[in-house]
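A.B. asks: In our numbering, the protein residues as written are 1 to 251.
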């Protein structure tokens, strides 16, 4: 058959099938395995990309646990340091107390054996002239007493308790050497009749303050009393409390 022959009218000639339509474009799937609105899916993809991986949460948890452990260890270590500091402070306080006690013991021993001690005593004297009361402070210690200041109050009372004489005698000395003494003498005058059978009560009291070689202004008080009858020396000078007790028994 000629090439340019028209065969369209020939019913015996087979006809070609029309070309197939191209397949539809594939649907783009996202991480949520869904199609649909592109803007919504892109937003979902962006959110998924911003979500951190699961392993970061594990790291955060591990860091939190490690922080708790470190904090607990630091608290324990700080407590141990505080306990050791308290032990050190207590040891220092104990050492200070021991040193203070040792120093006090040394001072007490020195005071008892070496310091000056002015021991008071009282005597009633009746020489050929006027009678008098002698108040003597003898240094029985082993150091020199210095800066001595004191005062003596003398009182004499008749048998009825009426005061017939009252004398106050302040005194001052610079030093009193070891085994030496200082004395103060108070005259009774002619008012005391040594042959009188009546009772008379006399008191000597006061204080003395001095530096004893260990302490400054070491102050001591004293009080003596005596009840005389008929003659001097019939009674010894005693501590005022003892004299008061004897007077109560005599009533």
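Just so it is clear, CB atoms sit at the ideal spot from N, CA and C, and this is done for glycine as well.
Values in this document were obtained by computation on a predicted structure and should not be read as measured data.
Compare the C-alpha of residue 155 against each of 172, 108 and 203 and name the closest.
C.D. replies: 203
A.B. asks: By the three-class DSSP mapping on this structure, what secondary structure does residue 216 have?
C.D. replies: coil
A.B. asks: What residue does the beta strand (DSSP E) around residue 146 start on, and which one ends it?
C.D. replies: Note, residue 146: beta strand (DSSP E), 145-157.
A.B. asks: Would you check if there are 3 or more beta carbon pairs closer than 8 Å linking the region 139-157 to the region 208-223?
C.D. replies: Yes: the two stretches touch, three or more of their Cβ pairs being nearer than 8 Å.
A.B. asks: With DSSP as the reference, identify every bridge partner of residue 136, one or two as the case may be.
C.D. replies: The beta-bridge partner set that DSSP reports for residue 136 consists of 121 and 183.
A.B. asks: Please confirm if the region 146-154 is in contact with the region 173-180, defined as three or more CB-CB distances below 8 Å between the two stretches.
C.D. replies: yes
A.B. asks: Using 10 angstroms around the beta-carbon of residue 186, count the other beta-carbons present and answer buried if the total reaches 16, otherwise exposed.
C.D. replies: Burial call: buried.
A.B. asks: May I have the straight-line CA-CA distance separating residue 137 from residue 95, to the nearest angstrom?
C.D. replies: Between residue 137 and residue 95, the C-alpha separation is close to 41 Å.
A.B. asks: Going by beta-carbon coordinates alone, are residue 131 and residue 188 separated by less than 7 Å?
C.D. replies: yes
A.B. asks: Does the beta-carbon distance from residue 206 to residue 153 come in below 7 Å?
C.D. replies: yes
A.B. asks: Helix, strand or coil, according to DSSP, for residue 20 in the structure here?
C.D. replies: coil
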